[in-house]
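Below is one structure; the comments refer to it alone.
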Amino acid sequence: MEEIKFDSAFNFKYSPRRGTKASEYDDQIDEDVKQDRLSRVIELQKKHTLERNLDLVGTTQIVLVEKESKRSNQQWAGRTDSNKWVIFDKKDVHIQDMIPVQIREAKGITLRGELLNQAEAA
């Protein structure tokens, strides 16, 4: 993980599945150990995600407007071409529009930005 520094990752602790070889092993790892390892992996991934998102602050990204923000009906939520969520104030755009957004802030997995007009985006 340190070498690759993924944008994001879905992490889970192992749980036995019926019919798999691994479920038959006698030396299963203790639940506390599994939870500790998972917690450390999740924290490391959060750090990497934030680092990668901070690299986008100050850049202009083309964003597909997908929906109203969960936290404010005054904002849109959309995704970049690299599948990163961007939140920005509602203006004269609509769901399914592809619009230029200046990234102003990175918080966890979410970017916050400002909608640019076409002249600013050029």
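The numbers in this note's numbering rise by one with no breaks, and the one at position 64 of the sequence shown is 164.
Virtual Cβ for every residue (Gly too), placed ideally from N, Cα, C.
Contacting residues, own chain, Cβ-Cβ under 7 angstroms from residue i (five flanking each side not counted)
i           : result
residue 195 : 165, 166, 167
residue 209 : 108, 149, 185
residue 174 : 189, 190
Assigned exposure category for residue i - 16 Cβ within 10 Å defines buried
i           : result
residue 188 : buried
residue 158 : exposed
6 angstroms CB neighbourhood of residue i in its chain, flanking five on each side removed
i           : result
residue 101 : 144
Closest by C-alpha distance to residue i, when choosing among the options
i           : options            : result
residue 156 : 103, 116, 207      : 207
residue 160 : 211, 106, 105, 123 : 211
residue 154 : 216, 204, 214      : 204
residue 105 : 202, 147, 199, 201 : 147
residue 183 : 138, 152, 170, 172 : 152
Cβ distance (whole Å) where residue i is taken to contact residue j below 8 angstroms
i           : j           : result
residue 162 : residue 192 : Residue 162 to residue 192, Cβ: 17 angstroms. No contact.
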